[in-house]
Each structure stands twice: as C-alpha cells, then as structure tokens.
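Here's the structure, in structure tokens; my notes come after.
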Amino acid sequence: MATRVAQRPPARPTAPAAVSLGVLPRRQLTGIIPALLCIAFATAVTGLNAVRPFTDLVPVVWIVAVALAVGAIASGVRAFQRQGRMDPAIEAVLPHLGAAQPTRALVEPVKWTKGWVGLPARIKIRYASHVVDDDPRFVDQIIAGLTRRLGAEYRVRKHNSRRCVLIVELAPASDPVSREQQRAIEVVKQVIDPTASVSVTSAEDASVSKIEVKHNVGPKMAIAARRSQIEKVVSSMLPGRWRAHWDLEGDKIRFEVRPTMPDMVLHEVEPAAALTHSAYKSFRIPIGPDEDGQIQSWHPAVSPHCLVIGGTGSGKTSFQHTVLTHLTHAHWRVWVLDGKRIEFAGFRDWPNVELVGARVEHQVRMLHAAHELMEERYSQLENGTARLEDFDPLALIIDEYATFKARVQRWYKTVKPKGAPAQAPVLDLLSDLARLARSAKIHILLGLQRPDVEFLGGEMRDNFGARVSFGRLSPQGANMMWDSFAVGVAIPRNKRGRGITLNAESLPVEIQAFYTPDPAKLDSSDKADWDHLAALRPATADYERMMVRDPEPELTDDGEGEEVEPDYFQWSTAEIVEWDPAAASKTQPGTLRPANVTPLDPRERVRFVPDVDDEAPDVDAAADGDGYSESLEGPAVELEVGDLLLVDATLGLWGVVEGVEPDVVDDEYLAIEYRDIDSGEDGLLTVFDNSVISYRRPEAA
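Residue numbers (our numbering): 15 to 715.
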C-alpha cells in the first residue's frame, strides 16, 4: 500500500540571515611601483645621455618623471583612503549578498563625489543567484547598511534581478530638519509607531503646519477612542491646536494645525432665482462656517423647523436677522413674532416681511392665523383642489417664546370670557404647528434664552431637527440640546456669534454664525453696515406689509352704553389687513391698557413696585459651579464625560471632561481630554488611574 507523504507548502520567501564572514583582506597602497619606475626611467635617460649625449631635454624628462611619480603616489593614497571608507560598508552589506568569503569585488563604487576622498555617489552591488531578492527587506537591509556606515542616505537607482545586480546612488540632499520638525517626528513616532514613516511640512514662519504619517499598526488605529486620544496627545505635546485626518485603509494619517475661526463673518447673498417648488426643496439657509470653512446650513425641506438658543449678547438675534434677510431675499413670505417687541423693529418695513407682531394681542392673532392657514391648506390638499407645489412657503420666526408665553398668561386673565378654557388656547397651537405645519409648507424658527424641557423633550424635540445654540450652555442644557454634558459648555466667553449646530452627519460642530446688522441700532456713521443691508434688501416685494386691525370695543346692552374691551376670541379672530400708517399710529404698543386695569388718581404716599422682568437673568454656565454639584474628590477612574475637572489647583483652572481613556504610552495612566471652561481651548491631562482628583458632577435637570 502506497504511503502518502504530506508535503509542507512552500514558505514565504525571506531574505537570507546575515552570516558573519570575518574582515576583508588588508588594504594595499598602490602607486609606489609606478612612481619608482618613473624615477628609474629618468635616471636611465640621464645616465645614457652622460655616456653618449643625444638630447638636451634631460631636465624636462626629470620634471615629467617626478610629476608622474607624484601623481601615481597621490592616486594610490587616495584609492587607499577611499577603500578605507568603503570597507566598513562592504562588511555590513556582504552577509546579505550570499557571499562565501569576504571580498570587495561584490560591492564596487563606480562614481565618487567631488573632494579628495568624497563619498561613493554610485555603487554597483552583485549578489549570489540563490539570494531571495523579491523580499522587500533584502533591499532595505542593504540600503540601511550603506547609510549607517557611510553616513549618507542612499536609494535604489536600478535593480536587475535577472543579472543579480543592484545599483544604488546617493539620495538628493533634503532640507535641514529644524528642532520643531525633529520634535514633531519624535512625538508622532512615540505615540503611534516607532517604525512609522513621518514627513513634516513647515509654514512660512518655520513652524510645523502638517505631519503625514505612514504606519504599520492599522488594527490599533481602527479603535475610535484610540484615534481620538492620539489626536489629543499630539495636540497637547506640539504647539497649537491639531486635528487628524485618518485613512484607515491606507494606514495613513495627516495631522494639521486647526485653522483659526474668524470672530465675525458677514452674511452675503447671491442673486435669487424665482421661488419654484423645485427651488424650495433644495433651498438652504446658511448658518455659518465651521473650523474647516464648511458652511453649515438649515435645510427646511428636510428639517422643517429650527430651534435657536442663546442668552443676551450671544448673537442669537443677529442669527435670526440673518435667517430673515436670507428668506426674504429668496422671495419667501415671512411673519415675525417679536417677543421683546423691539428686536425686529428695524425690519417691520423690510420687503417680504408681511407681518410683525409686537403687542401680545397681535402676536396671539398671528399664531392663530398661522394655524388657520395650515388648516386651510390641509383642507385643499384633502379635497384635491391644490397640490403642495401650489403653496408659497411661509416662515414663522418666533423670538423669545418663553417671554411671549408669560405675557400671554397674564394678558389672558384680563380678556378671558366666561366659559373659556383656563389656559389661553394659543399656547396649544405651537405643538400643532410644529407637528403638522411642514406638510403645509409652513416652517418655524423658534428662539429661546435657554434650553427648556418643554421644547427639548419628547415629540417637540424631534420636530425641531435643526438646532443652533449660541454662547455657553449649562451642562443640563447641553444634555437636553446635544445629548452630552460637554458639548457647548466651554464656548469662549467673548466670541459673539460662536455656537454649536449639527453638520450633515448630525454631529455637533462649532460654528461662527453669519452676522447681519440691525437697522434699528445703526446711525449715520455706520456706512459699511448700511451698505451691507442694502445688498441684502430685496429689490422688489412679493408680499405687501400687513397689520392686525384692532377690534372695536362693544357697548353693553344694559342701557348704560358702557364700552367693553374686546375679549380673547375677538382678538384671536381680528382682521388682518394691508398696512395703514394712520391706523397703526393710533394703536402703538403701550397706548392700550388691559380691560381690568383701573387708572389711579394721584395721591400721597403711593409706593410703586417695579415690574417683574419676564426674562430670567442669564447665568454663566460655570460661574460658581452653577449647574454642577459641590466639589467632590475621588479616583480618576470615576470621571465621566461632562464632569467639571479641577485641572490646576494653584491657578484655579477648571475644564469640562470630553473623554477618559487609557494612555497610549502607559496603560497605568489615564488620558483625560478636557476643554478649558474659560478659554474653550482643548487640553489633555495624564494622571495615574488611582490618583485622587477634584471634580464637579452635572446636577440633575
């Protein structure tokens, strides 16, 4: 019976292991014998000429003979010294060439650089036919040996594997590496891969601006947390703020200095085309550029409503002005509910701003009118008398809704008729509009001072898919707004218009919102702002300015004929007519008083109580630990994202924790990524995992 012998599959070709061959034979100094022959020739000519004169050129013969002798000796000495320079390199390379014994014949310099000795500029290398020369390490080992022993960089010029010949040459001289470049190379190799290939690019001021890395640790880089930590480590160990672009398939990384975000970017518009349904579906409202210069925008056809949050001086109102001017320039119909009554005063006569509600009565009528328009369009769609493309889009800008709500509740008590609901019906309309208005081409921009669970919880939050926050958030507000206790809580204090929004991947990114000046706050000296507004102003109005006509008081039917002020339902159904300056001047805000207010006659010792401000004072997210618990102490491993960490006890510096991961260099350490609560700058703190630290935890909302 035949026996089957299992054959092992051929192993992967590998370069031969280095074999010690001993030292090369002793060098020989050439040129002496040729020099002696030249002197002997001159001596012989001189002797013969003395016995039998035949020439007068004996001195010339001696000059030539001495010159040749000196040349021969010099050439021999030079060759001897060059051989001395080559021998260490030959001995380093021979073990990889399959040589049976040490010999200089396999490594032959065929060209030298200028100078008395110089460097071999080109070297011809022959190797044995049994050497596996398709292993990349074969050439690398030869190049490394030559570079190490000759003190210069070499590269492959030609490799003829059929003839077993390798020709290498000096690599072109590279630019000198500065101290900053060397530091960058060392940091990247230590953090990522000691064998990585690193190239550094410098800016005009000689600072490092870009680092490109080719590494061999792809599986480690596949972990997102590790990539984030490496980016933080590089940013903390090198000057400036750095970010990384990862090529996981090619095992490449590109680090570059984060660009500086501008402090102000003007809102500019391009000539607007006709507002067709196709244009409506692709229409975007620019919010502002992120740190990459990418313009983040609100796409109403995809995210029908936008929620904007920001305290006083954060840039929220300017952003709403940007939205208004962009919409009107694109032929949109715009209604404005001015919660503070004065923030949109400069845009009341702006083309395509059809209606501005400053008084609470007019604001209530506006929301009822928007709801009626929505119901009317739904009926037309249901009956088949209209299609969605037949409707013009309407943008409803609601500024300071919390203030509006508080005022409505007080006002409703003065106009509530008998048998009416306990709460003003208008307060139930916003949720209906947020849920249903999209299908009627009605879109809402809702402005708030601070996050509120009423607008950021449950269904309402889902309906406001587009969101922007300006200024600092409390950790609770950040969690409601962005599902993170850390996002937006460390926005720089003095950056008006700086905020957070969602990018195309629905990830929070920092932006600098476009700036639009307020016409009501400009004077004659602000020529640049007036010119800017002139460029934003639509040339023609597609929609005429409208106003709410105040209902007339009714007379009682008890025979006394007393006037009764309009009740809630009369205001909610008041007529909306074309703008009439004369009629509007009769009912300016503040000229009417609620029906239940009785004027006081002058009398002594009357103490007036200041009106209660509807708006709660803005609170700094980090001042005195607001939004955070009292200071706690515990091991570093207990830290969580969103905690407020005491980074430097001496200086009293605190930072918002953005990540906690094992250190990439030493597993016994933790790398804590944080953002400085005052400056907003990123930082990295490395501590033992059992180190006791001070921190504050976000309080429950």
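Glycine included, each C-beta is placed from N, C-alpha and C at the ideal position.
Asked: CA-to-CA distance, I301 to I514, given in whole angstroms; Found: 10 Å
Asked: Enclosing alpha helix (DSSP H) for I505 [first to last residue]; Found: First-last for I505: undefined, no H or E at that position.
Asked: L262 burial status per 10 Å Cβ neighbour count (16 or more: buried); Found: exposed
Asked: Bridge partner(s) assigned by DSSP for H259; Found: R268
Asked: Nearest to P533 (by Cα), restricted to the options L387, T336, A158 and T326; Found: T336
Asked: Residues near K224 by beta carbon distance below 6 Å, same chain, minus five either side; Found: T215 and E270
Asked: Backbone CA spacing between S213 and R193 [nearest angstrom]; Found: 14 Å
Asked: Straight-line gap, E389 to V227 (C-alpha atoms, nearest Å); Found: 60 Å
Asked: Length of the line joining the Cα atoms of H144 and P123; Found: 23 Å
Asked: Cβ-Cβ distance between V671 and E654 below 8 Å; Found: yes
Asked: Local Cβ density within 10 Å of S483, reported as buried at 16 or more and exposed below that; Found: buried
Asked: The segment 385–405 touching the segment 442–458, judged by at least three CB pairs closer than 8 Å; Found: yes
Asked: Coil, strand or helix - R424 by DSSP; Found: helix
Asked: With 16 other Cβ atoms within 10 Å as the buried cut-off, status of D545; Found: exposed
Asked: Under the three-state DSSP convention, the category Y141 falls into; Found: coil
Asked: Below-8 Å beta-carbon distance, P303 vs any chain B residue; Found: In the displayed structure, chain B is absent; only one protein chain is listed.
Asked: N174, DSSP secondary structure in three states; Found: strand
Asked: Under the three-state DSSP convention, the category G325 falls into; Found: coil
Asked: Of the listed residues G479, M495 and P649, nearest to V316 (C-alpha basis); Found: G479
Asked: Cα-Cα separation between I206 and I267, rounded to whole angstroms; Found: 10 Å
Asked: Beta carbon of A597 nearer than 8 Å to that of R563; Found: yes
Asked: Short Cβ contact (8 Å threshold) for W256 with R272; Found: yes
Asked: DSSP state of P624 mapped onto helix, strand, coil; Found: Its pLDDT being 45, under 50, P624 is placed unreliably by the model, and nothing is read from it.
Asked: Residue range of the alpha helix (DSSP H) that includes L38; Found: Counting along the chain, L38 falls outside any alpha helix (DSSP H), and DSSP gives it neither H nor E.
Asked: Proximal residues to E675 (C-beta, below 6 Å), its chain only, five neighbours per side dropped; Found: A239, Q243 and A685
Asked: Buried or exposed (CB count within 10 angstroms, at least 16 for buried), T209; Found: exposed
Asked: 8 Å Cβ cutoff met for S643 and S708; Found: no
Asked: Reduced DSSP secondary structure (H/G/I, E/B, other) of L369; Found: strand
Asked: Identified DSSP bridge partners for E512; Found: Inspection of the sequence shows that residue 512 is occupied by Arg rather than by Glu. Answer is Q526, bridged to R512.
Asked: Straight-line Cα distance separating K432 from V626; Found: Confidence is the limiting factor: at V626 the pLDDT is only 42, short of 50, which leaves the residue's position unreliable, though a coordinate-based value still follows. Rounded to whole angstroms, V626 to K432 spans 28 Å at the Cα level.
Asked: Selection from S705, D692 and E682 that minimises the alpha carbon distance to L665; Found: D692
Asked: D615 versus K430: straight-line alpha-carbon distance, rounded; Found: Note that D615 scores a pLDDT of 48, beneath 50, so its modelled location is shaky and nothing firm can be said.
Asked: Cβ separation of S539 and G656, assumed to be a contact under 8 Å, to the nearest whole Å; Found: About 46 Å separates the two Cβ atoms, so there is no contact after all.
Asked: Residues near V651 in its chain [Cβ-Cβ closer than 6 Å; skip 5 each side]; Found: D703
Asked: Presumed contact (8 Å Cβ cut-off) between E524 and K246, rounded CB distance; Found: Incorrect: roughly 16 Å between the Cβ atoms, too far for contact.
Asked: Cβ neighbour criterion (16 or more within 10 Å) applied to W668; Found: buried
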